[in-house]
Every structure is written in structure tokens, then in C-alpha cells.
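In terms of the working numbering, the sequence shown opens at residue 204 and continues consecutively.
Below you'll find the structure, written out as C-alpha cells, and then a few comments.
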Amino acid sequence: MSVIRSAITGTGAYLPEQVVTNADLAELVETTDEWIRERTGIRRRHKARDDQPTSDLAVEAARRALEAAGRTADEVDLIVVATTTPDMTFPATASIVQRKLGAGVGIAFDVQAVCSGFVYALSVADGFVARGLSKCALVIGAEEMTRLMDWTDRSTCVLFGDGAGAVVLEPREGQGTKADTGMLGFALRCDGTKTDLLYVDGGPATTGTVGHLRMAGNQVFRHAVINIAEAVTAAAEAAGIEVSEVDWFVPHQANQRIIKGVGDRLGLDEDKVILTVADHANTSAASIPLALDVALRDGRIKPGDLVLMEAMGGGLTWGACAIRM
204 MSVIRSAITG TGAYLPEQVV TNADLAELVE TTDEWIRERT GIRRRHKARD
254 DQPTSDLAVE AARRALEAAG RTADEVDLIV VATTTPDMTF PATASIVQRK
304 LGAGVGIAFD VQAVCSGFVY ALSVADGFVA RGLSKCALVI GAEEMTRLMD
354 WTDRSTCVLF GDGAGAVVLE PREGQGTKAD TGMLGFALRC DGTKTDLLYV
404 DGGPATTGTV GHLRMAGNQV FRHAVINIAE AVTAAAEAAG IEVSEVDWFV
454 PHQANQRIIK GVGDRLGLDE DKVILTVADH ANTSAASIPL ALDVALRDGR
504 IKPGDLVLME AMGGGLTWGA CAIRM
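As C-alpha cells, this is what we get:
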């Protein structure tokens with residue numbers, strides 16, 4: 204039976220020029236390069252300029268994704284931006300990206316699921332593309348998490364960085380099997396009873412301020428390993444595949460120990476895991492598309508490869524998806 208699937212036809216990434224090393228952070232808070240690397244695997248992260256809003260990062264990543272796909276901005280009819288750090292309360296950052304790109308009138312909105320945002324946004328855009336409502340969609344994860352840091356809290360400020368990644372989604376005809384190119388299966392979850400484990404202590408309807416990120420690290424770690432592994436298994440089942448069939452695993456780049464814990468729980472070969480956390484740190488919704496772009500451009504991920512992506516963030520939200528490149 205013939206079906207239409209949404210396929211990734213191009214990727215792009217952008218990281219701000221400023222690099223903040225662990226040694227730089229050791230001058231701000233009581234920490235060391237060794238302490239950070241041993242607990243997280245992070246060596247450095249990127250930080251946006253004060254005059255560089257999230258939309259600027261998103262636009263640069265989007266332009267590179269469009270170039271890779273051989274498309275132009277005037278062909279884009281859907282823009283979904285996953286972000287926790289929008290330029291403004293409103294309009295949506297996607298609207299600003301649409302204007303800055305020079306794209307025509309179309310659909311544009313943001314998705315907020317924190318670190319899980321890109322997986323959530325992919326599932327939303329997949330619905331538009333697979334049902335004929337979009338012919339050329341941009342899905343972007345863009346974050347400036349350093350804006351949310353309490354620079355006196357060494358347990359959180361060392362973990363996060365800024366960046367953006369984007370993919371172009373286009374329709375492709377398939378036969379409804381796991382051999383098809385495109386999105387094969389999703390699993391999305393949220394447990395609102397765990398909001399106090401990872402949150403920002405501000406907002407327009409509460410404090411009237413942006414606030415700072417707060418996290419119960421040990422509890423988040425425990426939930427991450429268990430929940431992510433369950434979602435990956437569920438996404439694989441929805442796709443009609445076994446986890447053992449996967450060519451590449453592209454996880455949310457939160458913490459190297461979490462990634463290893465999930466991989467071990469799933470029985471994944473470490474050589475199949477794409478890791479960028481050392482150089483990017485946790486860029487929230489941007490981390491998966493950033494890592495995907497790295498692995499596509501260096502030739503590790505190739506057309507036809509089966510890829511699993513996963514993430515977990517505040518909410519608690521988590522999810523996974525399987526795609527044939």
C-alpha cells in the first residue's frame with residue numbers, strides 16, 4: 204500500500220562564536236575542568252552575544268538546512284521552532300524566523316517541550332507533511348539556555364549552552380514498510396507530576412520575570428535512563444523494527460553518563476551512538492538536530508540508515524522517534 208511519509212532532505216546547524224570552556228567557568232563558580240568532565244563529559248559550550256536573539260541562531264541553521272536540501276526560503280510553507288528561550292513572549296519565534304528568512308506567507312508556530320521539543324516538533328510537522336498540508340517544512344530546535352542560568356549555581360550553569368539545528372522535511376512516497384524513507388514511528392510522553400524536578404522559577408503569569416533554571420539532578424538522571432529507554436523501545440515498536448536493527452542512535456546531548464546509561468539499558472553498541480555533548484553541552488531542543496547535522500556532514504550517517512532519536516526535558520517530557528534517512 205502506497206503511503207506518504209515525511210523525510211529529512213537537508214540539515215543545518217549554527218553555534219555562536221563565543222566558546223566558554225570549563226576553565227572559564229571555574230573563574231565564576233567553585234568548580235574544575237576535571238569535576239565537570241567526570242560528571243557530564245562536557246568540555247566546552249557556546250554562548251550567544253547579548254545582541255543575538257534565538258531567532259538569529261535559528262535562521263542561520265535554517266539557511267544551511269535549506270541549502271543542503273536544495274531548497275529556497277520561498278518554497279517553505281511550514282516553520283516549527285522548538286524553543287524554551289523565545290525572542291519574545293509573543294509573537295512566536297517561528298514568525299520572526301519566517302520574516303528574517305524571507306519566506307512567504309505560510310504556517311509558523313513554536314513548540315515548547317524543553318529538551319524534548321525537537322522530537323515533539325518533528326511529530327507535529329510530520330502530521331502536516333504526511334497529510335499533504337505542507338510540501339516543504341522547516342523544523343528547528345533553537346536555544347539560548349545561557350540566558351536562564353544562575354551563574355552562582357555550579358550544579359546547573361556548567362551544563363548548558365546555546366545553539367540551533369534545523370531540518371527540512373518533504374513528502375516521500377513509500378510502501379508502508381520499515382524500508383521506507385522518512386519518519387517511521389514516534390513515542391511521546393509527559394508526566395506533569397514531576398514538574399518540580401526541572402523547571403525555571405519565573406514566568407509572565409507568576410513572577411513577571413524570566414527566572415533561572417532549577418534542577419534536582421540525581422532524580423532527573425534516574426528518570427531519564429528509565430523513561431528514555433522505554434520511549435525508544437516504544438518508538439521502535441511503532442516503526443515495526445527492533446532496536447538492534449538501528450544503525451545510529453542520536454540522543455539528546457544532556458549528559459554523557461545519561462547517554463551511556465540509556466545505551467547500556469537498550470543494549471546499544473557504543474560505536475553507534477552520536478556524541479557531541481563534549482563540545483556543545485546541553486543545548487536543550489537544539490541538541491538532537493545539532494548532533495544529527497554533525498553525523499551527516501562527517502559521513503557517518505548515510506542515506507538509507509535507520510536512526511533513532513530521543514530526548515527528555517522539563518515537564519517532565521520525553522520522547523523518541525525512528526527515521527530512515
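Yeah, the Cβ is synthetic: ideal placement off N, Cα and C, and Gly gets one too.
All figures in this text were calculated on a predicted structure; none of them were measured in a lab.
In this structure the segment 513-526 lies against the segment 423-443, because at least three pairs of beta carbons, one per stretch, are closer than 8 angstroms. The continuous stretches of alpha helix (DSSP H) do not include H249, which lies in the beta strand (DSSP E) extending over residues R247 to K250. Cβ-Cβ separation between R527 and G385: approximately 6 angstroms, consistent with a contact (criterion under 8 angstroms). A straight line joining the alpha-carbon of A345 with that of I282 spans about 12 angstroms.
Taking all protein chains shown into account, R302 has fewer than 16 neighbouring C-beta atoms within 10 Å of its C-beta and is therefore exposed. Separation of the CB atoms of G366 and H455 is rounded to 13 angstroms, and the pair is thereby denied contact status at 8 angstroms.
T486 counts as buried, since at least 16 other C-beta atoms from the protein chains shown sit within 10 angstroms of its C-beta.
Here the segment 465-479 does not lie against the segment 340-358, with fewer than 3 beta-carbon pairs under 8 angstroms apart.
A distance of 8 angstroms or more separates the beta carbons of G335 and V206. Assigned with DSSP and collapsed to three states, E237 falls in helix. Its chain contains A439 and L469 as the residues whose beta carbon lies nearer than 6 angstroms to that of V446, once the 5 sequence neighbours on both sides are disregarded; these appear in chain order. The closest CA to that of L400, considering only D482, T235 and T359, is found on T359. In this structure, the CA atom of Q221 is about 51 angstroms from the CA atom of M204. Spatial neighbours of A297 in its own chain (CB-CB distance under 7 angstroms, excluding positions within 5 residues in sequence) are listed in chain order as I282, V283, V284, A311, F312 and D313. Within its own chain, the residues whose Cβ lies closer than 6 angstroms to the Cβ of L231, once the five positions on either side in sequence are excluded, are W354, listed in chain order.
Looking from the CA of V317, the closest CA among R392, A268 and K381 belongs to R392.
In this structure, the beta-carbon distance from A484 to L362 falls below 8 angstroms. By the neighbour-count criterion, in which a residue is buried when 16 or more other Cβ atoms sit within 10 angstroms of its Cβ, G411 is exposed. Rounded to whole angstroms, the Cβ separation of P219 and T292 is 23 angstroms, and the two are not in contact under 8 angstroms. In terms of Cβ geometry, V371 and L325 do not form a close pair [threshold 8 angstroms]. The three-state reading of DSSP puts T436 in helix, counting H, G and I together. By the beta-carbon neighbour count (other beta carbons within 10 angstroms, threshold 16), G215 is buried.
Our two residues, A226 and V480, have alpha carbons roughly 17 angstroms apart in a direct line. Your pair V322 and S258 does not check out as a contact, with CB atoms roughly 21 angstroms apart and the cut at 8 angstroms. Less than 8 angstroms divides the Cβ of A523 from the Cβ of A434. Within the same chain, and ignoring the five residues on either side of G443 in sequence, the residues whose Cβ sits closer than 8 angstroms to its Cβ are T380, K381, L387 and G388. Ranked by Cα distance from E373, the first of D467, A229 and A268 is A268.
In this structure, L304 sits away from V332, with a CB-CB distance that is not shorter than 8 angstroms. Membership of C360 in the alpha helix (DSSP H) is indicated by the continuous run R357 to C360. Comparing alpha-carbon positions, the option among L511, K338, A494 and D501 lying closest to G466 turns out to be L511. Per DSSP, S447 lies in no alpha helix (DSSP H) and is assigned neither H nor E. The alpha helix (DSSP H) runs of length 4 or more contained entirely in the segment 451-490 are, from start to end of the chain, 459-469 and 480-483. Within the same chain, A216, A264, G344, A489, P492, L493 and D496 come within 6 angstroms of G368 by CB-CB distance, once the 5 residues on both sides are set aside. Going by C-alpha positions, I239 is about 13 angstroms away from D482. Taking every protein chain shown into account, the CB of D501 has fewer than 16 other CB atoms within 10 angstroms, so this residue is exposed.
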